[in-house]
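By the count of this note's numbering, the sequence shown reaches residue 1750 at its end, each step adding exactly one. Beta carbons are placed, not taken as given, at the ideal position from N, Cα and C, and that holds for glycine. The block underneath contains the structure these notes are about, expressed in structure tokens.
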Amino acid sequence: MSKIAAEVGTPAYVYSYATLERHFKVFDQAFAGVPHLICFAMKANSNIAILRSFVKLGGGVDIVSGGELFRALTAGAPPDRIVYSGVGKTREEMKYALTCGGTGILQFNVESTAEMTELDEVARSLGVQAPVSVRVNPDINPKTHPYISTGLKKSKFGVPVAEALKLYETARNLKGVRIQGVSCHIGSQITTLGPFKDALARVSAIVKGLKAKGFDIKHLDLGGGLGIPYNNEKPPSPKQYGDALRKGLKDLGCRILFEPGRVLVGNAGALLTTVLYKKGSKGKTFVVVDGAMNDLIRPALYGSFHQLWPVKNGKKGKETVDVVGPVCESGDFFAEKRALPVLESGDVLSVMSAGAYGFVMSSNYNSRPRAAEVLVNGSDYHVIRKREEYKDLLHGEHVPKFLAAL
Ligand code: LLP
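In structure tokens:
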């Protein structure tokens, strides 16, 4: 880590290929014996080298935009391993997904009646049929942060169960769509099995009901959501998750699609940042680092906890500090009142569990170039995204003529 910090500079995201691979295989083995496809939710980490890693391991991709589709295809994801979720697909995005690779994608997870109508029209205009599943909202409380709970009645996601059943009947008569599945996703960073079991019970009943009515339900998409330890959470392991669901899934006779994001990449990545200064005020010590909320927004946005580890721990003793970035907002912190080994300027810190929803949520706020991304493979490392330069900040900007003269 010190070598990478010295050679690539900081802030930098560093991912471990060995961990990515291990996480993927553990998840895959948890469902051995059940026909399934792991579609990595690329919103968690969309670097094309990371996508490529999962595609090489036999995985697919869960996308939520045309931009994600573009990245997935660039990374080499076969269209027949791509599922498309999201409440606001545009006609352009639908067209792209229906035609890419000549065959179009594996499945659209449709989230409203209006979207189904639109997709039917777009598909018919292209002379094709869209493979669809309805994303049902099973009204389950995943007991996680409110911003990342998606399967509650009050949330914008999915179609309520009663309406979904009507939507299947309507869709049966639409020439531009081909019904093939049922899907759901109830939230993210879920740390108990209960919500998953409840959701499975509800969607299984729907699958069985639809099959009894003659619908050819080939796929059940269970979404993502399995949590990871950031601090002292004890989420179920993928094996425990598999053990809890496997039997119920086998009985359904469907191919199961999973959309895990965080559990595959979260703990496979860290953000390296260097201590710039220390300063005190009113009995508080601030450790100012070169990474900021524009690089990793989770603490500011969700109040989320990330472990902080000095890359080299030479000094004795601990002190309680706030670790803050250079951005001009009080919400720009990585830790508050945290007991850490005594730090000095020049020390490099690892912000742990930053592989998911880290770089992808980063921005150029305060005109800070976005961080580099690095993939470690054995004793080698590879820069998989260059640190942005100042000129990258101006990409696409233009001063119009009427402002030209100073
Ligand atoms: N499928 C769908 C339809 C989703 O909306 C999500 C996440 C996933 C799969 C993957 O969920 P995961 O396995 O990663 O929990 N930015 C937030 C997380 C937002 C999650 C949104 N949807 C964070 O930093 O915690």
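Query, Result
"Beta-carbon proximity of Asp1464 to Leu1413, cut-off 8 Å", "no"
"Residues near Arg1435 in its chain [Cβ-Cβ closer than 6 Å; skip 5 each side]", "Val1466"
"Any non-hydrogen atom of ligand 1 closer than 7 Å to Val1607 Cβ", "yes"
"Exposed unless 16 or more other CB atoms sit within 10 angstroms - verdict on Tyr1734", "exposed"
"Residue burial classification, Ala1385 (beta-carbon count within 10 angstroms, cutoff 16)", "buried"
"Buried versus exposed call for Thr1447 [16 or more other C-beta atoms within 10 Å across all chains shown]", "exposed"
"In DSSP terms, what Phe1602 is bridged to", "Ile1382"
"Residue interval of the beta strand (DSSP E) (run including Ser1527)", "Val1521 to Ser1527"
"Three-way DSSP call (helix, strand, coil) for Lys1578 in this model", "coil"
"Gln1533: CB within 7 Å of a non-hydrogen atom of ligand 1", "yes"
"Straight-line Cα distance separating Lys1594 from Arg1731", "46 Å"
"Secondary structure of Arg1533, DSSP reduced to three states", "What sits at residue 1533 in the sequence shown is Gln, not Arg. Note: Gln1533 maps to coil in three-state DSSP."
"Helix, strand or coil at Asn1721 [DSSP, three-state]", "strand"
"Any non-hydrogen atom of ligand 1 closer than 7 Å to Met1705 Cβ", "yes"
"Nearest-angstrom beta carbon gap, Lys1623 and Val1632 [assumed within contact, 8 Å]", "7 Å"
"Three-way DSSP call (helix, strand, coil) for Ile1561 in this model", "coil"
"Bridge partners - Asp1542, DSSP secondary structure assignment", "Asp1542 is not bridged to any residue."
"Outcome for Gln1451 when other beta-carbon atoms lying within 10 angstroms are tallied against a minimum of 16", "buried"
"Nearest-angstrom beta carbon gap, Ile1392 and Arg1415 [assumed within contact, 8 Å]", "6 Å"
"Contact belief for Leu1509 with Tyr1585 at Cβ below 8 Å, rounded distance in angstroms", "No, Leu1509 and Tyr1585 are not in contact; Cβ-Cβ is about 28 Å, not under 8 Å."
"Beta-carbon gap between Leu1601 and His1563 smaller than 8 Å", "yes"
"Coil, strand or helix - Asn1611 by DSSP", "helix"
"Coarse secondary structure for Gly1446, derived from DSSP in three states", "helix"
"Check: Arg1642 C-beta below 7 Å from any heavy atom of ligand 1", "yes"
"Top-ranked residue by Cα proximity to Ala1644, from Leu1381, Ala1474, Lys1433 and Val1668", "Val1668"
"N- and C-terminal bounds of the alpha helix (DSSP H) containing Lys1510", "Val1505 to Arg1516"
"Closest by C-alpha distance to Val1358, when choosing among Met1345, Met1705 and Pro1539", "Met1345"
"Close beta carbons around Ile1641, own chain, < 8 Å, minus the five adjacent residues each side", "Met1705, Ser1706 and Ser1707"
"Reduced DSSP secondary structure (H/G/I, E/B, other) of Lys1628", "strand"
"Closest by C-alpha distance to Pro1486, when choosing among Pro1475, Pro1685 and Ser1499", "Ser1499"
"Distance cut-off 7 Å: Tyr1701 Cβ against heavy atoms of ligand 3", "What this structure holds is ligand 1, not ligand 3."
"For Arg1712, the three-state DSSP class (helix, strand or coil)", "coil"
"Three CB pairs or more closer than 8 Å across the stretch 1596-1610 and the stretch 1672-1685", "no"
"Test item: CB-CB of Val1753 and Gly1430 under 8 Å", "The question about residue 1753 has no answer here: the residues shown for the chain are numbered 1345 through 1750."
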